[in-house]
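Trainee: Chains as they are written, first to last, in this note's numbering: chain A, 289 to 555; chain B, 23 to 279.
Encoded as structure tokens, here's the structure I'll be asking about.
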Amino acid sequence: MKQKVKQKMITLASSLAVLAAALLLWQLILLVFRVPPYMLPSPWAVARAVAARLPSLETAFATTAVEALGGLLASIVIGVAIALVFAQSRWVRRMLYPYTLLLQTVPIVAIAPLILMWVGAGTASVTLIAFIISLAPIIANTTQGLVSVEENMVHLFLMHNASPAQLLFKLRLPHAVPSLFTGIRIASGISVIGAITGELYAGSSRVGEGGLGYSILYASAQLQTDYLFALVFAATVLGFGFFFLVMFFEWYFLHRWHESARTPEVE
Amino acid sequence: MTRDFTAPEVEFVGVAKHYGNGHTVLEAINLTIEKGEFVSIIGPSGCGKSTVLKLISGLAMPSAGTIRVDGMTPKNARETVSYIFQDATLLPWRTVRRNVALALELEGAGSGQREAKTRSLLDLVGLRAVADSYPRELSGGMKMRVSIARALATSPRLLLMDEPFAALDEMSRDHMNEELLRLHAEQKWTAVFVTHSVTEAVFLSTRIIVLASNPGRIYATLAVNLPQPRAAEQRTSPEFDALVGKISHTLREARSQ
Chain A
289 MKQKVKQKMI TLASSLAVLA AALLLWQLIL LVFRVPPYML PSPWAVARAV AARLPSLETA
349 FATTAVEALG GLLASIVIGV AIALVFAQSR WVRRMLYPYT LLLQTVPIVA IAPLILMWVG
409 AGTASVTLIA FIISLAPIIA NTTQGLVSVE ENMVHLFLMH NASPAQLLFK LRLPHAVPSL
469 FTGIRIASGI SVIGAITGEL YAGSSRVGEG GLGYSILYAS AQLQTDYLFA LVFAATVLGF
529 GFFFLVMFFE WYFLHRWHES ARTPEVE
Chain B
23 MTRDFTAPEV EFVGVAKHYG NGHTVLEAIN LTIEKGEFVS IIGPSGCGKS TVLKLISGLA
83 MPSAGTIRVD GMTPKNARET VSYIFQDATL LPWRTVRRNV ALALELEGAG SGQREAKTRS
143 LLDLVGLRAV ADSYPRELSG GMKMRVSIAR ALATSPRLLL MDEPFAALDE MSRDHMNEEL
203 LRLHAEQKWT AVFVTHSVTE AVFLSTRIIV LASNPGRIYA TLAVNLPQPR AAEQRTSPEF
263 DALVGKISHT LREARSQ
């Protein structure tokens, strides 16, 4: 046990050392090449920007977080529902699957103007964009989980006269949970990207409503490079937050019985 | 449903099974298994041993002939039949206790009955200590015990077993064989047991059916007249050896057909 704690401390210390080295290199580049602050602000200037503009950063962060989370949750609900339809028969899958590919291949920046036109600028549009971009991995992974049940398991249920509902709720759905989480993990990352991209096109510009994407646009137009860096930093924190949130739920639901949840991928 | 006490547990009349591609898996199978028998089916791989079980359970339909289980069609008889697969087919997200309760749950037993029955079965197969463990924490032999307990939970009159101990090492297999016979003696179900192992077949069975392949058909039926109840020591008796020799010989003949 003590050994484990020691190992974790070493891991943490080396991660922090990498961070310190990166900051040092950053500062060194500024000094050696005499980069002007509007091109690359110093780490210290970024930290000052974070402190000085904390309230607006917080608002932007919260706005984007709500949009991305809303889109992600909607994609989980709708995606699982669609996967349930797909799982009904091979025929249904063959007929409808090409259209989910469409979801994956259509560039979100190409349809963002359409959504802006139909729904109007603001949270609803951005949430919709985050939802569309998150949907495909949820559908694909959940369908895979629902249909990959071993034949003998199905036979076992049939031998005990299981109803279609019992087959679904006691066999196929629980069996699909690990794959669903794989889908959610992928979707969680791109939902944040979707929300930020969506805000570039369809974000609200009203005071106190703009998210990280809108603020990035604003900061770059104003050449507030230090604030821009602070926003990028906030976007990264948001992405990490989503990732660890999903990891936690995955661990919570699966660690007792599923191999994949025993050792998290990030040690 | 009134039960016909004179009907054989399993009856095949002129049963054949072809696949869609024209391949004949089984041909002209006539077979009667009486109540309480322990019948093993043995034969070269690809002879359709497992298909016989699939047909009895109604998981596959015959291409020709009729099959009766306890006087009923296989599907109607399912309530009284349990199937044990080669892999333990446990639900990994359920504890041992809830896996054993599964069959009862699917058949709509009340929770009180389920709990009592599950508890007594866990005691019967010696799994009380791991009742709240998950399948991944168990050894292969223990998983198979859970599978057996689950199959027995619905008090079946017919137990279909498809090489249930094939994945176990020899010592666990011998032990599981003895346990299975103990349960059979206590509960008096009928068993149809598919296996590759001649010694296992001889030790367990009252009758052994040897299949030949291409197409799958009954090559020979041999009675095992070893004294009952069987004990582990019988495996080393000269009579046992003689039977194993005889059946191995028949199996070789069937294979060279």
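We treat Cβ as the ideally placed atom computed from N, Cα and C, and that holds for glycine.
Please confirm if A171(B) has its CB atom under 8 Å from at least one CB of chain A.
Mentor: Position 149 of the second sequence, counting from 1, holds the residue named residue 171(B). Chain A contact via Cβ: absent.
Trainee: Return the Cβ separation of F215(B) and M166(B) in integer angstroms, given the expectation that the two are a contact with Cβ distance under 8 Å.
Mentor: Reading the second sequence from its first residue, position 193 is the one you call residue 215(B). Reading the second sequence from its first residue, position 144 is the one you call residue 166(B). At roughly 13 Å, the Cβ-Cβ gap does not stay under 8 Å, so F215(B) and M166(B) are not in contact.
Trainee: Quick check on the burial criterion: 16 or more other C-beta atoms within 10 angstroms. Buried or exposed for H271(B)?
Mentor: Numbered from its first residue, the second sequence carries residue 271(B) at position 249. The residue in question, H271(B), is exposed, as its Cβ has fewer than 16 Cβ neighbours within 10 Å.
Trainee: Within the same chain, show all residues whose beta-carbon is closer than 7 Å to that of P178(B), passing over the 5 residues directly before and after it, in chain order.
Mentor: As a working mapping, residue 178(B) is identified with position 156 in the second sequence. Cβ within range, chain order: T102, V103, S104, W211.
Trainee: Hey, could you find the ends of the beta strand (DSSP E) E49(B) is sitting in?
Mentor: As a working mapping, residue 49(B) is identified with position 27 in the second sequence. Taken as a continuous stretch (DSSP letters only), the beta strand (DSSP E) holding E49(B) covers 46–55.
Trainee: At which residues does the beta strand (DSSP E) containing A207(B) begin and terminate?
Mentor: Residue 207(B) sits at position 185 when you count from the first residue of the second sequence. No beta strand (DSSP E) contains A207(B), which is instead part of the alpha helix (DSSP H) from 192–209.
Trainee: Quick one: which chain B residues come within Cβ less than 9 Å of F445(A)?
Mentor: Position 157 of the first sequence, counted from the first residue, corresponds to residue 445(A). Chain B residues near F445(A): L124, L128.
Trainee: If you draw a straight line from the C-alpha of Y387(A) to the C-alpha of P157(B), how long is it?
Mentor: To locate residue 387(A), count along the first sequence from 1; it is residue 99. To locate residue 157(B), count along the second sequence from 1; it is residue 135. Roughly 39 Å between the two C-alpha positions.
Trainee: Report the start-end ranges of each alpha helix (DSSP H) in the stretch 296–376 of chain A that is 4 residues or longer and not cut off at the edges.
Mentor: Counting only runs of 4 or more, we get 331–340, 342–374.
Trainee: Determine the direct distance from the alpha carbon of I55(B) to that of P30(B), and round the result to whole angstroms.
Mentor: Position 8 of the second sequence holds residue 30(B). Position 33 of the second sequence holds residue 55(B). Whole-angstrom Cα-Cα distance: 6 Å.
Trainee: Quick check: the Cα distance between A305(A) and A518(A), rounded to an integer number of angstroms?
Mentor: What you label residue 305(A) is simply residue 17 of the first sequence in a count that begins at 1. What you label residue 518(A) is simply residue 230 of the first sequence in a count that begins at 1. Looking at the two C-alpha atoms, the distance is approximately 21 Å.
Trainee: Just the chain B side, please: which residues come within less than 8 Å of N449(A) by C-beta, in chain order?
Mentor: Taking the first residue of the first sequence as position 1, residue 449(A) is located at position 161. What N449(A) touches in chain B: R100, E101, L128, E129.
Trainee: Going by beta carbon distance, what residues of the same chain come within less than 6 Å of A151(B), once the five residues before and after it are set aside?
Mentor: Numbered from its first residue, the second sequence carries residue 151(B) at position 129. Cβ within range, chain order: n/a, list empty.
Trainee: Please compile the residues from chain B whose C-beta is within a distance smaller than 7 Å of the C-beta of R460(A).
Mentor: Taking the first residue of the first sequence as position 1, residue 460(A) is located at position 172. Per Cβ cutoff of 7 Å: no residues; R460(A) is ~11 Å from chain B at best.
Trainee: How about T117(B) and A171(B): do their beta carbons lie closer than 8 Å?
Mentor: Counting from one through the second sequence, the residue named residue 117(B) turns up at place 95. Counting from one through the second sequence, the residue named residue 171(B) turns up at place 149. No, the Cβ-Cβ distance between T117(B) and A171(B) is not below 8 Å.
Trainee: Can the beta-carbon of A464(A) be found closer than 8 Å to that of L423(A)?
Mentor: Start at 1 with the first residue of the first sequence, and residue 464(A) comes out as number 176. Start at 1 with the first residue of the first sequence, and residue 423(A) comes out as number 135. Contact: no.
Trainee: Kindly say whether N429(A), judged by its beta-carbon, lies nearer than 8 Å to any beta-carbon of chain B.
Mentor: Residue numbering aside, residue 429(A) sits at position 141 when the first sequence is read from its first letter. Chain B, which has no Cβ nearer than 8 Å to the Cβ of N429(A), makes this no.
Trainee: Contact defined as beta carbons within less than 8 Å: I believe G491(A) pairs with A409(A). What is the distance between those atoms, to the nearest angstrom?
Mentor: For the purposes of this step, residue 491(A) is identified with residue 203 of the first sequence, where counting begins at 1. For the purposes of this step, residue 409(A) is identified with residue 121 of the first sequence, where counting begins at 1. The Cβ separation is near 7 Å, so the contact holds.
Trainee: Looking at chain D, is there any beta carbon in it that lies within less than 8 Å of the beta carbon of R378(A)?
Mentor: Within the model displayed, chain D is absent; protein chains A and B are what it includes.
Trainee: Considering only residues of the same chain and omitting the five flanking positions on each side of G477(A), which have a CB-CB separation below 8 Å?
Mentor: Along the first sequence, one-based indexing puts residue 477(A) at 189. Closer than 8 Å at Cβ, skipping near neighbours: G527, F530, F531.
Trainee: I believe V35(B) touches T88(B) by the beta-carbon criterion, under 8 Å. Please report the beta-carbon distance rounded to the nearest angstrom.
Mentor: In the second sequence, counting from the first residue as 1, residue 35(B) sits at position 13. In the second sequence, counting from the first residue as 1, residue 88(B) sits at position 66. Contact holds; Cβ gap of about 5 Å.
Trainee: Counting only beta-carbon atoms, is E538(A) nearer than 8 Å to chain B?
Mentor: Taking the first residue of the first sequence as position 1, residue 538(A) is located at position 250. It does not: the Cβ of E538(A) has no partner Cβ on chain B nearer than 8 Å.
Trainee: Assign R550(A) to one of three DSSP states: helix, strand, or coil.
Mentor: Mapped onto the first sequence, residue 550(A) falls at position 262. Summary for R550(A): the model assigns pLDDT 49, below 50, so the residue's position carries little reliability, and this model does not support an answer.
Trainee: Give me whichever residues DSSP pairs with M183(B) in a beta bridge.
Mentor: Within the second sequence, numbered from 1, the residue matching residue 183(B) stands at position 161. Answer is I106(B), F215(B).
Trainee: Drop a sphere of 10 angstroms on the beta-carbon of R322(A), count the other beta-carbons inside from all chains shown, and report buried for 16 or more, exposed for fewer.
Mentor: In the first sequence, the residue the question calls residue 322(A) occupies position 34. Exposed, by the Cβ-count rule.
Trainee: With a cut-off of 8 Å, do at least 3 Cβ pairs link the stretch 412–420 of chain A to the stretch 348–368 of chain A?
Mentor: With the cut-off at 8 Å, the stretch 412–420 of chain A and the stretch 348–368 of chain A touch.
Trainee: Taking all protein chains shown into account, do 16 or more other C-beta atoms lie within 10 angstroms of the C-beta of D514(A), making it buried, or fewer, making it exposed?
Mentor: As a working mapping, residue 514(A) is identified with position 226 in the first sequence. Flag for D514(A) reads buried.
Trainee: Can you tell me whether K290(A) is helix, strand or coil according to DSSP?
Mentor: Sequence index remark: in the first sequence, residue 290(A) carries index 2 (1-based). Helix.
Trainee: Leaving out five residues before and five after E137(B) in sequence, what residues of the same chain have Cβ atoms less than 8 Å from its Cβ?
Mentor: Counting from 1 along the second sequence, the entry for residue 137(B) is found at position 115. If we look at E137(B) and ignore the five residues flanking it on each side, its Cβ neighbours are A123.
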